[in-house]
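Taking it in order: structure first as structure tokens, then the write-up.
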Amino acid sequence: MSRMDRGEIDFILDGLLDLDSLLSRPRFSHLDRDALSQVLDTAAGLADDKFGPHYHEADKHEPDRINGKVVMLPAVQEAVDAFAEAGFLAAHHDEELGGLQLPWCVVQAAFSFFQTANIATAAYPFLTIGAGNLIRSFGSEAQQAKFLAPMLTGRFFGTMALSEPQAGSSLADIRTSATPNPDGSYAITGTKQWISAGEHELSDNIVHMVLAKIKGAPAGVKGISLFIVPRIRVNDDGSLGPDNDVRLVSLLHKMGYRGTTSTILSFGEEGRCQGFLVGQAHHGLSYMFQMMNEARIGVGLGAAALGYAGYRYSAEYARTRPQGRPLEARDPTSPMVPIIEHADVRRMLLQQKAASEGAIALCLLCARLVDEERTAAEEADRRRASLLLELLTPIAKSWPSEHCLEANKWAIQILGGYGYTRDYPVEQYYRDNRLNPIHEGTYGIQANDLLGRKVFMDGGAAFEALAAEMATTITAATSRPALATHAAGLGEALSRVATVTAHLGTVRAGGHVALSLANATTYLEMFGHTVMAWIWLRQALVADTWLTDGKGDSNHLNGKLAACRWFFAHELPKTVTQATILTSLDRTVLDVDTAWL
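To convert, take the position in the sequence shown, counting from 1, and add 8; that gives our numbering.
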């Protein structure tokens, strides 16, 4: 079953993201709260009925290659068919395309139910939605008619094909080539590796979004172009033609996401792989960044969903598992108590709650910024949303991937020895989540992006916008007695981040780029913890207000306040040490000889 709580989603949408104000905008004027409630109800029901039941079976019986075809559990087909039939592949698209014109934050909130129920099966529509968005943004009308339309109904699925065996994350070094054909298409030749959902029989066709270099293109990332490469050729009338010389070299077997095919693909072994240029030549990486950034936030939400699933399961277990007695109980014959009565178990639950609920809120806030970027009436508001989204994306990807994995560790620990067995789901949550630190860029890549580019872009405009948002929250919380201390703590943390950022900026401006980035991951951790403190203070403001007004479930709201207290008492103080390390400009990682390691 899906372990996402509908009350949690409603709290975020209503209290944190101000959904009602979004619905007043022209693009969403056809919607009301009842319609959106039905969307979330449908997502929860499908997640429970079609995705959750085969979560463990798909892990035990991962896809296999039999007689040249990829074979998997029939339940996976049933799930993705139900997802498509319910309209979720097209939900955010224009009504004229068959969509519902839903806000992106609602679409992502709905998708969190599927990610919590079965992250591996959810990967197939996840990638299809992203590839479809890419074609919608940059593809020609003819490309949209031929490829996007069937993707919105689930007839075609999609992927992103970036990595190559020799290049990994270094896209400047890709070797896949594109040679112009007389008919305007391109002959594609090369190999792509780690391509999730790269081969299956779940749809009539697979549309690969492929990065390649046209002969004579500039060196490095400036010479990368983007191509639509279908597994099977598509005729002008939409019918399928012959295969397109895209071959499955092998299936890869990862420790998690076992239900998602991970592949090595060969393009053009027989010289007849046909690709179609998207947009302008040599602009492919800038286009692909749309899908990459969308996927980064989606990976963060998936990591948060897995962390939340483990938290909810271990909390239920802790309430029903009797073991031990209170410290004050001297009589060994007195009744045992549920383990949730023990302080250390509550510590592990609070740590999971603070990480997973905070991460879900952060990722859905990013989705809300996407809506703001697209639909705000004023250009200044759209620009501000774009800046905030750019700055928060590396944090939304990396922080949940690290700390919700840590949450899964504590879920296992709460179950004791049982948690380490495959009879309980928490060990699978951990294995699945362990992949998210590498999906869509490692912690180090996100750290270099944040410190090496995002905080300084446009003269620090994005950082200033985020600081202003935090200042607004601090001012609001200062006036509430229960939150005033937290407000002061966030103010101090924000000041630390500003001081460290300015210090590292000066080092960078002095030409010492390597030194300024030497401890970028520590900077990301400090920045991320400060952002999460802000997210928790915002949630606490809503909870405190709703409690005063007699709105909502008091246990849920008091749980929010407790998690906020936990984060400010146990997590935010870590930024003090991190700031000290960063301002000291420690050179250990630069000076250590590789022979010593």
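Each residue gets a CB set at the ideal place from its N, CA and C atoms; glycine is no exception.
The beta-carbon distance between G310 and I589, rounded to whole angstroms, is 30 Å. This is too long to meet the 8 Å contact definition. In this structure W202 is in contact with S171, their Cβ atoms being roughly 5 Å apart against a cut-off of 8 Å. Within the model, the alpha-carbon separation for Q288 versus L259 is close to 33 Å.
The Cβ neighbour count for I74, taken over all protein chains shown within 10 Å, is under 16; the residue is labelled exposed. Assigned with DSSP and collapsed to three states, H64 falls in helix. Taken in chain order, the complete beta strand (DSSP E) segments of 3 or more residues contained in the stretch 198-227 are 213-222. If you look at S247, you'll find it isn't in any beta strand (DSSP E); DSSP assigns it neither H nor E. Assignment of alpha helix (DSSP H) within the stretch 139-181, counting only whole runs of 4 or more residues, yields 157-161 in chain order. Secondary structure of P133 (DSSP, three-state): helix. Measuring C-alpha to C-alpha distances from L512 to each of A587, G567, A501, K221 identifies A587 as the nearest. At the C-beta level, T401 and N301 come within 7 Å of one another. With fewer than 16 other beta carbons inside 10 angstroms of its own, A385 counts as exposed. Per the C-alpha coordinates, the member of R280, V434, R329, D245 positioned closest to A195 is R280. Around the beta carbon of T124, 16 or more other beta carbons sit within 10 angstroms, so the residue counts as buried. Pairing A367 with D339, the inter-Cα distance amounts to about 43 Å. With 16 or more other CB atoms across the displayed protein chains lying within 10 angstroms of its CB, R266 is buried. Within the same chain, F59, F119, F122, Q123, G310 come within 8 Å of A130 by CB-CB distance, once the 5 residues on both sides are set aside.
Looking only at H64, G76, G283, G558, the smallest Cα-Cα distance to V242 is reached by G283.
One Cα belongs to T341, the other to L413, and the distance between them is close to 38 Å. Closest in alpha carbon position to G460, among V584, T529, A570, P34, is T529. In this structure I305 does not touch K462 by the C-beta definition: roughly 14 Å separates them, more than the 8 Å allowed. With a contact defined as Cβ atoms closer than 8 Å, K568 and H537 miss out at about 18 Å. About 28 Å separates the CB atoms of G15 and A92; that is not less than 8 Å, and the two are not in contact. The DSSP assignment places complete alpha helix (DSSP H) segments of no fewer than 4 residues inside the stretch 272-353 at 292-328, in order along the chain. Burial check for L135: the Cβ neighbour count within 10 Å reaches 16 or more, so the residue is buried.
Per DSSP, the continuous alpha helix (DSSP H) segment holding I453 begins and ends at 451-460. Between V229 and E448, the C-beta gap is not smaller than 7 Å, which leaves the two residues out of contact.
For V539, the secondary structure class from DSSP, reduced to helix, strand or coil, is helix. I232 is positioned such that its CB atom lies no closer than 7 Å to that of S322. Counting only the Cα atoms, D191 lies some 42 Å from P445.
DSSP places R255 in the uninterrupted beta strand (DSSP E) bounded by 254-260. The shortest CA-to-CA distance from R573 to any of S29, P346, A492, G467 is the one to A492. For L142 and L219, the gap between their C-alpha atoms comes out near 13 Å.
The stretch 94-103 and the stretch 75-83 do not touch, with fewer than three beta-carbon pairs separated by less than 8 Å. A distance below 6 Å between beta-carbons, with the five flanking residues on each side excluded, links W554 to the following residues of its chain, in chain order: G560, L565.
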